[in-house]
Amino acid sequence: MAKKKKAEAVLSDDDLIKRFTKGCTASFEELIGRYETKVHNLAMRLTRNAEDAEEVLQDVFVTVYRKIEGFEGKAKFSSWLYRITVNAAFMKLRKRKQDQSISLDDMLPHLQNKAITQRNAFGARSDSLALNNEIREALEGAIGKLPEDYRAVFVLRDIDGLSNKEVGEILDLSIPAVKSRLHRSRLMLRKRLRRFYEDYSNESKIVSYGPEMIKKAA
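Per our numbering, the sequence shown runs over residues 100 to 317.
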């Protein structure tokens, strides 16, 4: 029995999907367990509202349950799942027509963990890496005002740390399109936050602008 449980614990997403389509409901529950937190966090970052994020989470897994038999495996299951999440979140945004600021509260555990490993390499002064309420509020507002498509790219790429290829798969964009939207989103944020990030007024530093900006707010 112990060996069986150990074998099941290392089943791939594709294996779980195959089992579920053959009638094993426990396999679907395992998939939910693997991705529930990630889906909720992404929904929260995009909708900026806890109630909406919870509704998106439920909608996503209902959609996955209904459509999983049609999953062809051309992309990773996680990419397919995140695409459904992004679509559901944007549908919720359009429905509610909200105009609130993104909250970094749900991002901070992830960002702080990344900042711990990044700070020594960055070599910046401790005061510039400390959480500053004014900077944080400005960043929250600036991210919240990004157009939906640009916000999705920025969140997935600079906050969640996915690769350009993964972001492209999720949003159904080419890698050049991902790079273009990421660059433009960073430019938009730089314009709104210039007074807080004077070191990044140089065009040559725009590539690192997003990650370093996030670190300063973390």
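Beta carbons: idealized from backbone N, C-alpha and C, even for Gly.
Exposure label - residue i; buried when at least 16 CB within 10 Å
i      : result
Ser300 : For Ser300, the predicted structure reports a pLDDT of 49, less than 50, and the residue's modelled location is therefore unreliable. The matter cannot be settled from this model.
Gly267 : buried
Glu129 : buried
Gln199 : Model confidence at Gln199 stands at a pLDDT of 45, short of 50, so the residue's coordinates are unreliable and nothing is read from them.
Asp271 : exposed
Arg195 : exposed
Ala125 : exposed
Arg193 : exposed
Ser262 : exposed
Val277 : buried
Ser284 : buried
Expected contact under 8 Å - CB spacing of residue i and residue j to nearest Å
i      : j      : result
Ile242 : Phe295 : With 8 Å as the limit, Ile242 and Phe295 do not qualify as a contact, their Cβ atoms being about 13 Å apart.
Tyr181 : Ile269 : 4 Å
Gly172 : Asp113 : 6 Å
Glu247 : Phe160 : Their Cβ separation, rounded to whole angstroms, is 22 Å, which puts Glu247 and Phe160 out of contact at 8 Å.
Leu292 : Leu238 : 7 Å
Check: residue i C-beta below 7 Å from any heavy atom of the ligand SAM
i      : result
Arg182 : No copy of the ligand SAM occurs in the structure displayed, which carries no ligand at all.
Top-ranked residue by Cα proximity to residue i, from the options
i      : options                           : result
Leu286 : Ile274, Gly132 and Arg250         : Arg250
Phe119 : Thr136, Tyr164, Asp158 and Ala149 : Tyr164
Glu236 : Leu288, Gly132, Gly260 and Glu150 : Leu288
Thr184 : Gly260, Lys137, Gly132 and Leu245 : Lys137
Gly122 : Gln157, Thr146 and Ile167         : Ile167
Phe170 : Lys117, Gly132 and Ala276         : Lys117
Phe176 : Glu265, His282 and Ala149         : Glu265
Lys325 : Ala174, Glu154, Leu110 and Lys290 : The question about residue 325 has no answer here: the residues shown for the chain are numbered 100 through 317.
Ala187 : Gln157, Gly240 and Ser273         : Gln157
Ser178 : Pro275, His282 and Asp259         : Asp259
> Is there contact between the stretch 249-261 and the stretch 137-144, where contact requires at least three CB pairs shorter than 8 Å?
Replying inline: yes
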